[in-house]
Amino acid sequence: MPITVSRRSEDYLRTIYEISERKGYARIKDISEALGVRPSTAVEMVKKLCEQGLVNYERYGAITLTPQGKEIAQAVKKRHDVFKKFLELLLVPDDVAERDAHILEHQLHPKTVLQISRFVEFITWAMQSEHPRFIKIRVEEVLDEFRMYCKKHENNT
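Sequential numbering from 1 applies to the sequence shown in full-length UniProt numbering.
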């Protein structure tokens with residue numbers, strides 16, 4: 001039976017996953033710095049995740065994800081990355097896109113996430129495609145037009 005985790009737990013799992021991808025493991029210091037929390041706060045949450053069987057943790061030791069924790073972390077990261085790419089396509093500044101992707105990764109219905117993911121994949125494919133349908137009007141040209149439209153109207157906000 002799949003486990004339900006809180007948004008905060010998802011944040012910790014994704015953070016541990018991202019740190020582990022870079023270093024091979026995570027430590028409390030890494031997690032607390034990445035999330036902007038006190039080390040004692042990170043310890044408490046990591047203990048809870050350990051009790052749920054989502055991380056392996058021993059005091060003062062490395063923290064690693066269990067297979068179930070890794071599965072959840074990868075799903076959260078994928079949602080985050082899709083939303084960030086979507087917002088970047090809309091020309092949202094990188095720092096804002098990062099923050100908003102973080103909010104969206106927890107908020108939207110799975111069907112909405114799927115459709116946005118498909119849209120981002122399609123646009124990315126179309127920008128690189130030589131398919132006859134996309135030769136006449138390239139997606140990149142449409143995005144360039146959108147950039148100019150945004151520039152023209154940026155003082156109206």
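C-beta atoms are modelled at their ideal positions from N, C-alpha and C, and glycine is treated no differently. Keep in mind the model is a prediction, meaning the values are calculated, not measured.
Consider the Cβ of Lys85: report whether some Cβ of chain C lies at a distance smaller than 8 Å. Among the chains of the structure shown, chain C does not appear; only one protein chain is present.
With DSSP run on the structure shown, which of helix, strand or coil describes Ile3? Within the sequence shown, numbered from 1, the residue matching residue 3 stands at position 3. Note: Ile3 maps to coil in three-state DSSP.
According to the neighbour-count rule (16 or more other Cβ atoms, all chains shown, within 10 Å of its Cβ), is His80 buried or exposed? What you label residue 80 is simply residue 80 of the sequence shown in a count that begins at 1. With a 10 Å radius around the Cβ and a threshold of 16 neighbouring Cβ atoms, His80 comes out buried.
Environment of Val46 [buried if 16+ CB atoms lie within 10 Å]: By one-based count along the sequence shown, residue 46 stands at place 46. Buried: at least 16 other Cβ atoms inside 10 Å.
Is Thr66 helix, strand or coil when you go by DSSP? By 1-based counting over the sequence shown, the position of residue 66 is 66. DSSP places Thr66 in the coil class of the three-state scheme, outside both helix and strand.
If you drop the 5 nearest sequence neighbours on each side, which residues of the same chain put their C-beta closer than 6 Å to that of Ser117? Walking along the sequence shown from the start, residue 117 turns up at place 117. The beta carbon of Ser117 is closer than 6 Å to those of Val82 in its chain, skipping five residues each way along the sequence.
Exposed or buried, which one is Asp144 when buried takes at least 16 other CB atoms within 10 Å? Residue numbering aside, residue 144 sits at position 144 when the sequence shown is read from its first letter. Flag for Asp144 reads exposed.
Kindly list the residues whose CB is nearer than 6 Å to the CB of Val11, restricted to its own chain and excluding five residues on each side of it in sequence; keep chain order. On the sequence shown, position 11 is the one that residue 11 refers to. Correcting the residue type first, residue 11 is Asp in the shown sequence and not Val. The beta carbon of Asp11 lies closer than 6 Å to none in the same chain, with the five residues before and after it left out.
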